[in-house]
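Note sheet for the following structure.
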Amino acid sequence: MFHKNSLSEKSPINQFLFSLGFFLYFSKPVLKHIKELNVLY
1 MFHKNSLSEK
11 SPINQFLFSL
21 GFFLYFSKPV
31 LKHIKELNVL
41 Y
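Mapping to full-length UniProt numbering: the sequence shown position 33 is 33, numbers consecutive.
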């Protein structure tokens, strides 16, 4: 039985896309916070 699960599959492309989405998800509030700090200073 061949069960394709993209989350458990450890292909480099899927890992790259997952880490990229993870990074973008967390960098948005960080960049927003940095912009607010730049306005303060």
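The beta-carbon is built from N, C-alpha and C at its ideal position, and this holds for glycine as well.
Source: prediction; values computed, not measured.
**Report entry** Distance, K35 Cα to F26 Cα
**Finding:** 15 angstroms
Point to revise | Any non-hydrogen atom of the ligand COA within 7 angstroms of L37 CB | key: Within the structure as shown, the ligand COA is missing, as the structure has no ligands at all.
Note to self: Cutting at 7 angstroms between CB atoms, please list the residues of its own chain near F23, excluding the five before and the five after it.
What the structure shows: none
- To the nearest angstrom, report how far apart L40 and G21 are at their CA atoms. 29 angstroms
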